[in-house]
Ligand SMILES: [Zn+2]
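In full-length UniProt numbering, the protein residues as written are 1 to 382.
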């Protein structure tokens, strides 16, 4: 089936620097088949009149932790009342996740994937990381793979309580039997490289084991303080290093090199932990490819809204609205090494948003307002 979207007031393609006006797009099946002026648009089986509204690619949320049970609203409230964020609350979610049935985990993930889709997210990466033993990590990824092809093994999220005094044994478990059980359901391997989580040598052991198992590399790095995460990610050819809040000049230079490691910024985490935001302007000015993602998780960033992250990036991280929308679409695609996503061009996957606004600028200009009027996912209006 083909679908013509016409009378588009502003088409934000990511293929051109300037959004086009009075444009049309034709979708054929799951792909974009034609882009051009509305007056020249070919016929199609069905037609949507955008009535002068803005059309942009579906959001690509390249960093989300959706395989969990329970919530931590009271921890959030305590933090807002002055308690610092340490990452220790992850173990609370580990307990709830291990106790949950497969169906409970599936239902919670389905709820969040649906919530994200209604807000314009047409591609979602999903990490494990709240099982932290062989069976619970494996089933987290098996269930995650029901929702996305972009699944990430994060057995190295934190050292679970039962391994607290023997972390190197946990690293051996993660890079051995746990990886073997997880790899059939995972595309990526990720490590939380941070004081209180995993150090550089431990992370290198796990990530190189993941590479040998055929997985691509992602890294959580430089969130809570300076550290080796960024440089390790670049050294290992990671698709993305995520957080990037505390960077040295050497870190920025490494990201600006030819390795193709994207800096994924997660401003929902700084918002929800009341922490200083990363400096996106510094990265962009150095020529680094920047992505925006939600980090959706029950502890440090329980939002599924890419539009909220765009607004934060503009207000708090010195991105222009256009840069932020690009980072939330094409940037996310680059962070997942996907050239069929995050852009409106012939051959790209037909993931499109029609805004209830004349311009993409409104996503940051009207924060908190539900501006996603129509979501087209894989060629299908939702
Ligand atoms: Zn994360």
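Here a beta-carbon is modelled for each residue, glycine too, at the ideal position from N, C-alpha and C.
Ligand 1 heavy atom lying under 7 Å from the CB of residue 61: Translated into positions along the chain shown, residue 61 becomes position 61. Closer than 7 Å to some heavy atom of ligand 1: that does not describe the Cβ of residue 61.
Paired residues, beta bridge with residue 49 - DSSP: Stepping through the chain shown from its first residue, residue 49 is reached at position 49. Among the bridge pairs identified by DSSP, residue 49 is matched with 6.
Range of the contiguous alpha helix (DSSP H) that encloses residue 208: By 1-based counting over the chain shown, the position of residue 208 is 208. That run of the alpha helix (DSSP H) goes 200-212.
Beta strand (DSSP E) segment containing residue 373, residue limits: Walking along the chain shown from the start, residue 373 turns up at place 373. Going by DSSP, residue 373 is part of the beta strand (DSSP E) stretching over 372-377.
Span separating the alpha-carbon of residue 189 from that of residue 150: As a working note, residue 189 is residue 189 in the chain shown. As a working note, residue 150 is residue 150 in the chain shown. A direct Cα-to-Cα measurement between residue 189 and residue 150 gives close to 11 Å.
beta-carbon residue 297 near ligand 1 non-hydrogen atom, thresh 7 Å: Working through the chain shown from its first residue, we reach residue 297 at position 297. Between ligand 1 and the CB of residue 297, the shortest heavy atom gap is smaller than 7 Å.
beta-carbon residue 220 near ligand 1 non-hydrogen atom, thresh 7 Å: For this step, residue 220 is matched to residue 220 along the chain shown. The nearest non-hydrogen atom of ligand 1 is less than 7 Å from the C-beta of residue 220.
Inside the region 93-118 only - beta strand (DSSP E) runs reaching at least 3 residues: For secondary structure counted as the beta strand (DSSP E) over 3 or more consecutive residues, the region 93-118 holds no complete run.
Identity of the residues DSSP links to residue 218 by a beta bridge: Residue mapping note: residue 218 aligns to position 218 of the chain shown, counting from 1. BP columns for residue 218 point to 190, 240.
Three CB pairs or more closer than 8 Å across the region 18-35 and the region 259-272: Verdict: no, contact absent.
At least 3 beta-carbon pairs within less than 8 Å: the region 281-294 vs the region 247-264: A contact exists between the region 281-294 and the region 247-264.
The beta strand (DSSP E) enclosing residue 281, as first and last residue numbers: Indexing the chain shown from 1 puts residue 281 at position 281. For residue 281, no beta strand (DSSP E) encloses it; the enclosing alpha helix (DSSP H) starts and ends at 280-285.
Check: residue 242 C-beta below 7 Å from any heavy atom of ligand 1: Against the chain shown, residue 242 aligns to sequence position 242. Within the cutoff, so yes.
Closer than 7 Å: residue 246 CB and nearest ligand 3 heavy atom: What this structure holds is ligand 1, not ligand 3.
The region 252-260 in contact with the region 299-310 per 3-pair CB rule at 8 Å: Cβ pair count under 8 Å is below three, so no.
Other residues of its chain near residue 154: CB distance less than 6 Å, five sequence neighbours each side excluded: Here residue 154 corresponds to residue number 154 of the chain shown, with the count starting at 1. Hits under 6 Å: 127, 128, 129, 190.
Candidates 186, 152, 187, 193, of which the one nearest residue 171 by Cα: Here residue 171 is taken as the residue at index 171 of the chain shown, counted from 1. Of the candidates 186, 152, 187, 193, the residue whose Cα lies closest to the Cα of residue 171 is 193.
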